[in-house]
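Novice:
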Amino acid sequence: MNVEHAQNHTENHAIYSAGYQCPSNIALVKYWGKKSGGVQLPANPSISWSLGDLYASTVVHALPRENDQAFVFTLGGVSKASFEPKIASFLTKIASDCPWLIDFTLHIDSQNNFPHGTGIASSAAGFGALGLCLAHIEQLIHGAPALDGRVNNMDFWQRSSYLSRIGSGSACRSMFDKPAVWGLSEAVNGSSDLFAVPLDGEIHPDLQGWKDVVLIVDDGEKSVSSTDGHALLEAHPYAGARFGQAQKNLGLLVEAMRSGDVQRFIAIVESEALQLHSMMMTSLPYYLLMRPNTLAIIEKIWQFRESSGLPLCFTLDAGANVHLLYDGKIDKTLMNFVNTTLLPYCKNGQYLCSDTGKRPAAIV
Ligand code: DP6
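Written out as structure tokens, the structure reads:
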């Protein structure tokens, strides 16, 4: 695959390697819609928790350019042609940011620790890991000690986030143990459309240590991809109102996380999930990603919260699966509820569990 030739490249015949394990993440306030102009800039700010137990592991070896090939990609050691166009397009988009790429063929091997096609945001973990590897190799090439020094005035994590964003917007939020905010917001110091930042200040103990059970309702291909879904916001009749609402919700959610207002946190997170899906249902053409069991699970979660008073809520990403978020302190009771009440609604009884709030780790 060819990547556009960038100007001013230097001859370099060394081999550089990097490897990262990068978590997926779940948005609490959703990124849905892109700014027109610019490369993958969000129409509104979003905030997420990283899902430390659902991750991609990626290793990149940058070898002196062979046969004018920009990259070779394998998924767990096996060629995967269907992934190549997205990677080729990503490398083309970052060519002017990373002029060094022209001297190398990247040998990229990646794999997820969760099954492909379960609707978990694999592009977030995958592009997150790839962005980290490229930012690391870039530092090695520039002779800076890894994880130190700045490139284009960004530190390592910002630069990794910046590069990952260009691959997949949500990927840029996978870099931090604290909640990650992507997109300009008055409520968050240092926030930017170009990369995600960890939420500044203290987070209340009642909103730390939450966990996620992903209840797999549907493990098939989505009828509309996220990228196509974002594009439908361009001519969406409610887009302006939604972007304003997301801005407002981000401010309120951040306030709730800092003050420990769990009830308000729950209300905003669930409202965000339903707003995301309302936007899908009112796009032109309209579509629906929730399935009957998505709604059945949501109703069971509401009933359980009502009767138990426990700190838990649901969220959705762009698919049918339900993320059940809960305070890790109620783990035993919660898993009992999942196994006795929710399991029948999960496809083949499948669910995945994860902690929140872990950052990526180097593996090479
Ligand atoms: C519903 O990041 O997958 O999960 O930037 O086009 O790759 P692209 O889209 P993507 O969109 C994710 C949207 C979401 C909400 C969120 O994660 O904020």
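2 is the number of the first residue of the sequence shown in this note's numbering; add one for each residue after it.
Backbone N, C-alpha and C define an ideal beta-carbon position, used for all residues, glycine too.
Can you list, in chain order, the residues of its chain whose CB lies under 6 Å from that of Leu141, leaving out five sequence neighbours each side?
Specialist: For the purposes of this step, residue 141 is taken as the residue at position 140 of the sequence shown. Cβ neighbours of Leu141 beyond the five flanking positions: Tyr17.
Novice: Taking buried to mean at least 16 other C-beta atoms within 10 Å of its own C-beta, is Asn113 buried or exposed?
Specialist: As a working note, residue 113 is residue 112 in the sequence shown. Flag for Asn113 reads buried.
Novice: Is Tyr163 near the ligand DP6, with its Cβ less than 7 Å from a heavy atom?
Specialist: Your numbering for residue 163 matches position 162 in the sequence shown. It does not: the Cβ of Tyr163 is nowhere closer than 7 Å to a heavy atom of the ligand DP6.
Novice: To the nearest angstrom, report how far apart Leu208 and Lys94 are at their CA atoms.
Specialist: In the sequence shown, the residue the question calls residue 208 occupies position 207. In the sequence shown, the residue the question calls residue 94 occupies position 93. Roughly 37 Å separates the two Cα atoms.
Novice: Applying the criterion that 16 or more other CB atoms from any shown protein chain within 10 Å of the CB defines a buried residue, is Glu273 buried or exposed?
Specialist: Counted from its first residue, the sequence shown places residue 273 at position 272. By the 10 Å Cβ count, Glu273 comes out buried.
Novice: Just list the beta strand (DSSP E) runs in the region 145-231, keeping only unbroken ones of 3 residues or longer that don't cross its boundaries, in chain order.
Specialist: Runs found: 181-183, 197-199, 211-216.
Novice: Write down every uninterrupted run of the alpha helix (DSSP H) in the region 224-301 whose length is 4 residues or greater and which is fully enclosed by it, in chain order.
Specialist: Runs of the alpha helix (DSSP H) inside the region 224-301: 227-232, 240-260, 263-282.
Novice: Start and end of the alpha helix (DSSP H) containing Ala125?
Specialist: Walking along the sequence shown from the start, residue 125 turns up at place 124. It spans 123-142 - the alpha helix (DSSP H) in which Ala125 sits, taken as one unbroken run.
Novice: Consult DSSP for Ala44 and reduce its assignment to one of helix, strand or coil.
Specialist: Position 43 of the sequence shown, counted from the start, is the residue given in the question as residue 44. Coil at Ala44, not helix or strand.
Novice: Of all the options Met176, Trp183, Gly210, Met281, which has the alpha carbon lying nearest to the alpha carbon of Ser227?
Specialist: For the purposes of this step, residue 227 is identified with residue 226 of the sequence shown, where counting begins at 1. Among Met176, Trp183, Gly210, Met281, the Cα nearest to that of Ser227 belongs to Met281.
Novice: May I have the straight-line CA-CA distance separating Phe72 from Phe177, to the nearest angstrom?
Specialist: As a first step, residue 72 must be located in the sequence shown, where it is residue number 71. As a first step, residue 177 must be located in the sequence shown, where it is residue number 176. Rounded to the nearest angstrom, the two C-alpha atoms are 28 Å apart.
Novice: Just to confirm before moving on: does the CB-CB distance between Tyr352 and Leu216 stay below 8 Å?
Specialist: Taking the sequence shown and counting its residues from 1, one reaches residue 352 at position 351. Taking the sequence shown and counting its residues from 1, one reaches residue 216 at position 215. Yes, these two residues count as a Cβ contact at 8 Å.
Novice: Which residues in the same chain as Ala240 place their Cβ atom closer than 7 Å to its Cβ, once the five residues preceding and following it in sequence are excluded?
Specialist: Your numbering for residue 240 matches position 239 in the sequence shown. Counting only Cβ-Cβ distances below 7 Å, and skipping sequence neighbours, we find Gly34, Leu234.
Novice: Mapping DSSP to helix, strand and coil, what is Trp33?
Specialist: Your numbering for residue 33 matches position 32 in the sequence shown. Looking at Trp33 - three-state DSSP - the assignment turns out to be coil, as it is neither helix nor strand.
Novice: According to DSSP, is Gly366 helix, strand or coil?
Specialist: Since the first residue shown for the chain is 2 and the last is 365, residue 366 is missing from the structure and cannot be characterised.
Novice: Using a threshold of 7 Å, is the CB atom of Trp33 nearer than that to any non-hydrogen atom of the ligand DP6?
Specialist: As a position in the sequence shown, residue 33 is number 32, starting the count at 1. Answer for Trp33: yes, Cβ within range of the ligand DP6.
Novice: Can you give, in chain order, each stretch of the beta strand (DSSP E) that sits fully within the region 311-335 and has at least 3 residues?
Specialist: DSSP runs (the beta strand (DSSP E)) wholly in the region 311-335: 313-316, 323-328.
Novice: Please list, in chain order, all residues of the same chain as Leu195 whose beta carbon is under 6 Å from its beta carbon, the five residues on each side excluded.
Specialist: Counting from one through the sequence shown, the residue named residue 195 turns up at place 194. Excluding positions up to five away in sequence, the list reads Tyr163.
Novice: The beta strand (DSSP E) with Leu92 in it runs from where to where?
Specialist: Reading the sequence shown from its first residue, position 91 is the one you call residue 92. Element bounds for Leu92: not the beta strand (DSSP E) but the alpha helix (DSSP H), 85-94.
Novice: State whether the region 295-309 contacts the region 185-192, with contact taken as three or more CB pairs (one from each stretch) at a distance under 8 Å.
Specialist: The region 295-309 vs the region 185-192: no contact.
Novice: Between the beta-carbon of Asn26 and the beta-carbon of Arg174, is there less than 8 Å?
Specialist: Taking the sequence shown and counting its residues from 1, one reaches residue 26 at position 25. Taking the sequence shown and counting its residues from 1, one reaches residue 174 at position 173. Contact flag set, yes.
Novice: If you draw a straight line from the C-alpha of Ala297 to the C-alpha of Arg259, how long is it?
Specialist: On the sequence shown, residue 297 is found 296 positions in, with the first residue counted as 1. On the sequence shown, residue 259 is found 258 positions in, with the first residue counted as 1. Near 32 Å, if we compare the C-alpha coordinates of Arg259 and Ala297.
Novice: Examine the Cβ distances between the region 54-70 and the region 128-137 and report whether three or more of them are shorter than 8 Å.
Specialist: Enough Cβ pairs lie closer than 8 Å, so yes.
Novice: Quick one: using the 10 Å Cβ neighbour count with 16 as the cut-off for buried, is Ser284 buried or exposed?
Specialist: In the sequence shown, counting from the first residue as 1, residue 284 sits at position 283. It is buried - the Cβ of Ser284 has at least 16 other Cβ atoms within 10 Å.
Novice: Using CA atoms only, rank isn't needed, just tell me which of Leu52, Phe315, Cys134, Pro199 is closest to Ala363.
Specialist: Along the sequence shown, one-based indexing puts residue 363 at 362. Checking every option, the nearest Cα to that of Ala363 belongs to Cys134.
Novice: Locate the beta strand (DSSP E) running through Cys354, then write down its first and last residues.
Specialist: If you number the sequence shown from 1, residue 354 lands on position 353. Per DSSP, Cys354 belongs to the beta strand (DSSP E) from 352-356.
Novice: So, are the CB atoms of Ile48 and Val182 less than 8 Å apart?
Specialist: Translated into positions along the sequence shown, residue 48 becomes position 47. Translated into positions along the sequence shown, residue 182 becomes position 181. Against a cut-off of 8 Å, the Cβ pair of Val182 and Ile48 comes out as a contact.
Novice: State the Cα-Cα distance for the pair Val255 and Phe266, rounded to the nearest angstrom.
Specialist: Within the sequence shown, residue 255 is the residue found at index 254, counting from 1. Within the sequence shown, residue 266 is the residue found at index 265, counting from 1. Distance between the alpha carbons of Val255 and Phe266 is about 9 Å.
Novice: CB of Leu55 to nearest heavy atom of the ligand DP6: below 7 Å?
Specialist: Numbered from 1 along the sequence shown, position 54 holds the residue referred to as residue 55. Because no heavy atom of the ligand DP6 lies under 7 Å away, the Cβ of Leu55 does not count as near it: no.
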